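What follows is a short report on a single structure.
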Amino acid sequence: LETSIAAATAEKDRLERQLAEAREQIRREVAARAELQESLKRVFMRGVCALNFEAMSLLSDPQALSLSVSADPPLTQQPPRPPSTVHPLQPGETE
């Protein structure tokens, strides 16, 4: 009886250590995930800010805006697209 009590106590202690280790690992992973999310948020915000600054600089400088617009060819000067060679299936047809 004493050996089974000692074995059960040892097993309980082992399981409690495993549980403590698992909880610590979860705590570390949650902290790492939070740090990653904060880093991503900072990176995305820097990108958004850079994009906003670029847009504002284009809008505030009329010459830069006219250069940007004149650099793009007008839509009417693009060559026409050839007609599509893909024909839709008629009712009852299979591929």
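Residue 193 in my numbering sits at position 58 of the sequence shown; the count goes up by one each step and never skips. All C-beta atoms, glycine included, are put in the ideal place defined by N, C-alpha and C. Just so it is clear, the structure is predicted and the values come from calculations on it, not from any experiment.
What number of angstroms, rounded off, separates the C-alpha of residue i from the C-alpha of residue j?
i	j	result
D196	F179	26 Å
L193	V183	15 Å
L175	E151	36 Å
D148	R181	50 Å
R163	E170	11 Å
I161	A185	36 Å
I140	A157	25 Å
A167	E173	10 Å
E159	N187	42 Å
In the DSSP assignment, the alpha helix (DSSP H) including residue i goes from what residue to what residue?
i	result
L194	E137 to S195
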